[in-house]
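Student:
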Amino acid sequence: QNRPQVVDDLCRIPWGHHRFIIDKIKNDSKKALFYVEQIIQNNWSRNVLLNFIDSNLYERQGKAVTNFSQKLSVPAGDLAQQITKDPYSFDFLSLRTDYDEKELKDALIGNIEKFLLELGKGFAYMGREYRLEVGTTEQFLDMLFYNTNLRCYVVIEVKTGKFEPSFIGQLGTYVASVNHILKTEHDNPTLGILICKDKDNILAKYSLESSAEPLAVSEYELAKLYPVDFKSSLPTIEEIESELK
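Just add 883 to the spot in the sequence shown (first one is 1) and you have our numbering.
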């Protein structure tokens, strides 16, 4: 006798994972089953599961403002939407309150494994400040990835300020350049994801309507920022050694 698929899925994950889901998620079977599916698809450990539950992955998954449904065929648009998040959780970073764009990007690449985990299954890192020769000029992409599930390149741009419509034109140009220079006949159209500190959803939506390329706009969150003088307030190795003498 055939059992419902949901029963088979529940039987595929360890009891320890079940306990986390039962303890953390109350009276929401749809949300609980979402995490069951994610465990199966991504082979999450209990710690990874706990981190994603605490960072509200269910509420963030697929929520970016995009034009994917207009620029991509069915079901490619829906599949692309599901790889986005809003906001992206950069809780794994340790930055000071006066951090700039370079420091944010340095920190993301310095924690590339955790960044890839946050991006989701299928993302492969291709490079930072990825250089493309376009005519007589050079372009440098913030970060270039390849998504093996969607079989496409993904250009990610990170901005520490609020979303501005001009960002869309720049990202769209990068995406078009990747399509012309890197994309092969075996690859699907390149995607662009812009991750800002803040955005106006309506302004982002209207701006995306003007783009010919499939783009997404999202925000990022940081759990904690350290004061500017944090490093200077810590004792140096020499000071510690002096105290021990």
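Even glycine gets a Cβ: it sits at the ideal position worked out from N, Cα and C. Remember, it's a predicted structure, so these values are computed and weren't measured experimentally.
Alpha carbon to alpha carbon, how far is residue 1051 from residue 924?
Tutor: Position 168 of the sequence shown, counted from the start, is the residue given in the question as residue 1051. Position 41 of the sequence shown, counted from the start, is the residue given in the question as residue 924. Distance between the alpha carbons of residue 1051 and residue 924: 32 Å.
Student: Based on the DSSP secondary-structure assignment, which residues constitute the bridge partners of residue 1081?
Tutor: Here residue 1081 is taken as the residue at index 198 of the sequence shown, counted from 1. 1045.
Student: What residue range does the alpha helix (DSSP H) around residue 851 cover?
Tutor: The question about residue 851 has no answer here: the residues shown for the chain are numbered 884 through 1128.
Student: Please classify residue 1089 as buried or exposed, where buried requires at least 16 neighbouring CB atoms within 10 angstroms.
Tutor: In the sequence shown, the residue the question calls residue 1089 occupies position 206. Exposed, by the Cβ-count rule.
Student: Looking at the secondary structure, which residues open and close the beta strand (DSSP E) in which residue 1068 lies?
Tutor: As a first step, residue 1068 must be located in the sequence shown, where it is residue number 185. That residue, residue 1068, is in no beta strand (DSSP E); it is neither H nor E in DSSP.
Student: Would you mind working out which of 1102, 1110, 940 and 1062 sits nearest residue 1016, comparing C-alpha positions?
Tutor: Position 133 of the sequence shown holds residue 1016. Residue 1062 is the option with its Cα nearest to residue 1016.
Student: Would you tell me roughly how many angstroms separate the C-alpha atoms of residue 951 and residue 906, rounded to the nearest one?
Tutor: Locating residue 951 in the sequence shown gives position 68, where the first residue counts as 1. Locating residue 906 in the sequence shown gives position 23, where the first residue counts as 1. The alpha-carbon atoms of residue 951 and residue 906 are separated by roughly 36 Å.
Student: Taking the alpha-carbon positions, what's the residue 928 to residue 1021 distance?
Tutor: As a first step, residue 928 must be located in the sequence shown, where it is residue number 45. As a first step, residue 1021 must be located in the sequence shown, where it is residue number 138. Their Cα atoms are separated by approximately 42 Å.
Student: According to DSSP, which residues form a beta bridge with residue 1075?
Tutor: Here the question's residue 1075 lines up with position 192 in the sequence shown. BP columns for residue 1075 point to 1038 and 1098.
Student: Note down, in chain order, each residue of its chain lying with its Cβ closer than 7 Å to the Cβ of residue 915, except the 5 sequence neighbours on either side.
Tutor: On the sequence shown, position 32 is the one that residue 915 refers to. Only 904 and 908 meet the Cβ criterion.
Student: For residue 1011, name the three-state secondary structure that DSSP assigns.
Tutor: Stepping through the sequence shown from its first residue, residue 1011 is reached at position 128. Three-state DSSP puts residue 1011 in a strand.
Student: If contact is defined by three or more beta carbon pairs under 8 Å, each pair taking one atom from either stretch, is the segment 961-979 in contact with the segment 1090-1106?
Tutor: Judged by Cβ distances under 8 Å, the segment 1090-1106 makes contact with the segment 961-979, as three or more pairs qualify.
Student: With a CB to CB cut of under 6 Å and the five nearest residues on each side skipped, what residues in its chain are close to residue 1037?
Tutor: Position 154 of the sequence shown, counted from the start, is the residue given in the question as residue 1037. So the list reads 1028, 1030 and 1074, once near-sequence residues are dropped.
Student: According to DSSP, is residue 979 part of a helix, a strand, or is it coil?
Tutor: Position 96 of the sequence shown holds residue 979. In this structure, residue 979 counts as strand in the three-state DSSP scheme.
Student: Assign residue 1025 to one of three DSSP states: helix, strand, or coil.
Tutor: Counted from its first residue, the sequence shown places residue 1025 at position 142. Residue state, collapsed to three classes: strand.
Student: Taking C-alpha atoms, which residue in 1001, 1034, 1094 and 921 lies nearest to residue 1068?
Tutor: The residue labelled residue 1068 in the question sits at position 185 within the sequence shown. With distances taken between Cα atoms, residue 1068 lies closest to 1034.
Student: Just checking my contact of residue 941 with residue 917 at CB under 8 Å: how many whole Å lie between their CB atoms?
Tutor: As a working mapping, residue 941 is identified with position 58 in the sequence shown. As a working mapping, residue 917 is identified with position 34 in the sequence shown. Right, their Cβ atoms sit about 5 Å apart.
Student: Excluding the five sequence neighbours on either side, which residues of its own chain have a C-beta within less than 6 Å of the C-beta of residue 1024, listed in chain order?
Tutor: Taking the first residue of the sequence shown as 1, we reach residue 1024 at position 141. Counting only Cβ-Cβ distances below 6 Å, and skipping sequence neighbours, we find 1013, 1038 and 1057.
Student: Give the single residue among 1046, 1076, 888 and 1066 whose Cα lies nearest to the Cα of residue 1055.
Tutor: On the sequence shown, residue 1055 is found 172 positions in, with the first residue counted as 1. Nearest of 1046, 1076, 888 and 1066 to residue 1055, Cα basis: 1076.
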